[in-house]
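S.K.: The structure under discussion is supplied below as structure tokens; questions concerning it will follow.
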Amino acid sequence: MSIRSLTNEEVNTLFPIRNFSDNSKQQLKEMVKTEQYDSNSILFSEGSSDDKQTYLLEGKIQLTFSNKKERIIEGGQMEARFPIDNTSPHQATAVALGDVTVLSVKRSTLDDLLNEVLPNNNVEILDNSQDSLLYNQLYFEVTQEMQAGKLILPSIPETAVKVRAAITDPHATSDTIAKITQQDPAITAQLIKVANSPLFRGREKIEALPLAITRLGIKAISNLITTFTMRMVFTAKTKDVKDLISALWLHSRDVSGICAVMAKKLKGFDTDKAMLAGLIHDIGSIPILTHADKHPNLIHNKTEVQQTLEKLSPVIGKMVLEKWNFTEDFVELAVNAENWERKNDQPANYTDLVIVAQLLSFKNTPHKSHYPEASSVPAYNRLTKLLRDPNDSLDVLENAQEELTIVKQLFN
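So the sequence shown is numbered by the working numbering: it starts at 645 and just counts up by one.
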């Protein structure tokens, strides 16, 4: 190994250098030289700060994090296409395992060259938030998987598939649906519990599934079974991803409950559909976290994970729900669930319901300051026009806490 200039292969492989114009690539090759480190040399230490982006070109290094976790990066591999530990201060200590060749270049230099595009060049000048995605390995890998048609999308749980297929039969009866559903005792118990809950309760207590189906209706049963089996989709193996998916599940469950309670107050909304809408609004996050679960090195940088979820979840959510043959109104809410200022001259729909429910769910949390007040967004005004009682309020956290608690218990 010797000190040298960058090769053409390297400038066309490293991120974000591969996105530079040909002119900028040539400038970079003339400006920088590689560096060499002997075995056991420390490239940087945990807690240190600098303005450099360091790429591993040849050899191997070991990253050691504060929690004692270790990771080995090898030159030429996918992970080496991105800057090593692209955080400041550094979250890890990097030690050479044998002789290594690296490229260290100032972040400001890369940013300047990235934006030096010719007038007819197709590369856009990115703002700061978009620019950071060019260094985001999780974002890159998930995008690549999407474009290649290889991103693993979750499957809808089997019981839900069977019931959703059965109700398409115009001759389907409560007994038909009951026979399918009773194969899953846990779901059977939950449906009976729902039928006796304040959301659907009649005059008499129900203790058998066929009566519960009659009370709830076959279409509602399909939505409710899909809702209660959805927990199976929120799974992971590694601790970091488990924590993220658990938080996602709790958020989705809370939004689902708020949607259900609000739906009871509104004309034209079904409680069962509202519950399902709240639960699947963030379903696009699951394939991203599933990919990270298989590649634990991608989960260390929480900022990059959050960036990727915000950027790609709506697009992937649309893909998942289309794969599941959900109706267009569900697909729309997955795309626009966090479009807080969404404008629409049509009456309120389930997307509006989910938007307001999400903002209400943040109300008493540390995240409150990051989001607008629920009552300030256009969706809130559209929903208010559909209140059964004009003197009522959509703020169910204040005026329907008992019902919310009961709905949350339905998921247990």
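Cβ coordinates follow ideal geometry from the N, Cα and C atoms, glycine included. In this text the structure is predicted, and so the values were computed from the model without any measurement.
1) Kindly give me the distance between the Cβ atoms of T873 and T803, rounded to whole angstroms, as I take these residues to be in contact under 8 Å.
2) Can you tell me whether K1029 is helix, strand or coil according to DSSP?
3) Please list, in chain order, all residues of the same chain as Y783 whose beta carbon is under 8 Å from its beta carbon, the five residues on each side excluded.
4) Any idea if N1025 is buried or exposed, counting beta-carbon neighbours within 10 angstroms, 16 or more meaning buried?
5) So, helix, strand or coil for F784, using DSSP?
6) A1044 by DSSP, collapsed to three states: which one?
7) Pick from P1034, D989, H944, E1047: whose alpha carbon is nearest that of P1022?
8) The beta strand (DSSP E) with D681 in it runs from where to where?
9) Do Y681 and I728 have their CB atoms nearer than 8 Å?
10) Measuring alpha carbon to alpha carbon, tell me which residue in F844, L855, M876, D926 is nearest I1050.
11) Does the distance from the CB of V899 to the CB of A1001 come in under 8 Å?
12) Over the uninterrupted beta strand (DSSP E) stretch that includes Q721, give me the two end residues.
13) Are L701 and L747 close, meaning C-beta to C-beta below 8 Å?
14) Output needed for P991: all residues of its chain with C-beta closer than 8 Å, excluding positions within five of it in sequence on either side, in chain order.
15) Give me the Cα-Cα distance between L795 and Q781, rounded to the nearest whole angstrom.
16) With 16 other CB atoms within 10 Å as the buried threshold, where does G961 fall?
17) Give me the DSSP bridge partner(s) of T698.
18) Alpha carbon to alpha carbon, how far is K713 from G691?
19) Reducing DSSP to helix, strand and coil, say where F709 ends up.
20) Report the partner residues of I686 according to the DSSP bridge assignment.
21) If I measure Cβ to Cβ from A724 and keep anything under 8 Å in the same chain, skipping five residues before and after, which residues do I get?
22) Give, in chain order, every unbroken run of the alpha helix (DSSP H) that is at least 4 residues long and sits entirely within the segment 811 to 841.
23) Does the distance from the C-beta atom of L965 to that of I999 stay below 8 Å?
24) By a C-beta neighbour count over all protein chains shown, 10 Å radius and 16 as the cutoff for buried, is H1011 buried or exposed?
25) With 16 as the cutoff for other CB atoms within 10 Å, does F659 come out buried or exposed?
26) Could you check what DSSP says for L1054 in three-state terms: helix, strand or coil?
27) So, helix, strand or coil for L965, using DSSP?
28) As an exercise, report each continuous alpha helix (DSSP H) stretch of at least 4 residues that is fully enclosed by the segment 898 to 924, in chain order.
29) How about I811 and K863: are their beta carbons less than 8 Å apart?
30) Identify which residue in S890, V979, H935, S799 has its Cα closest to the Cα of A921.
31) Which same chain residues end up closer than 7 Å to T832 when comparing Cβ atoms and leaving out the 5 residues on each side of it in sequence?
32) Which whole-angstrom value is the C-beta distance of Q588 and L757, which I expect to be below 8 Å?
33) Spatial neighbours of Y779 within its chain, please: C-beta separation below 7 Å, excluding the five flanking residues on both sides.
M.R.: According to the data block:
1) 5 Å
2) Taken through DSSP and simplified to helix, strand or coil, K1029 comes out as coil.
3) L777, E948, Q951, T952, K955, L956
4) Counting the other CB atoms within 10 Å of its CB gives N1025 a total below 16, which places it among the exposed residues.
5) helix
6) coil
7) D989
8) Per the sequence shown, the amino acid found at residue 681 is Tyr instead of Asp. Element bounds for Y681: 679 to 681.
9) no
10) F844
11) Yes, Cβ-Cβ distance for V899 and A1001 is below 8 Å.
12) Here Q721 belongs to no beta strand (DSSP E), and DSSP marks it neither H nor E.
13) yes
14) G912, R1026, K1029, L1030
15) 15 Å
16) By the 10 Å Cβ count, G961 comes out buried.
17) S748
18) 16 Å
19) F709: strand per DSSP, three-state reduction.
20) V739
21) Y699, L700, L701, I717, E718
22) 818 to 825, 829 to 839
23) no
24) exposed
25) buried
26) Here L1054 carries a coil assignment [DSSP, helix/strand/coil].
27) helix
28) 915 to 924
29) Yes. Within cutoff.
30) Of the listed residues, the one whose Cα sits closest to A921 is V979.
31) Apart from sequence neighbours up to five positions away, the residues of its chain that approach T832 with a beta-carbon distance below 7 Å are T825, Q826, L853, ordered along the chain.
32) The chain is shown from 645 up to 1056; residue 588 falls before or after that span and cannot be answered.
33) F659, P660, F726, P727, N730
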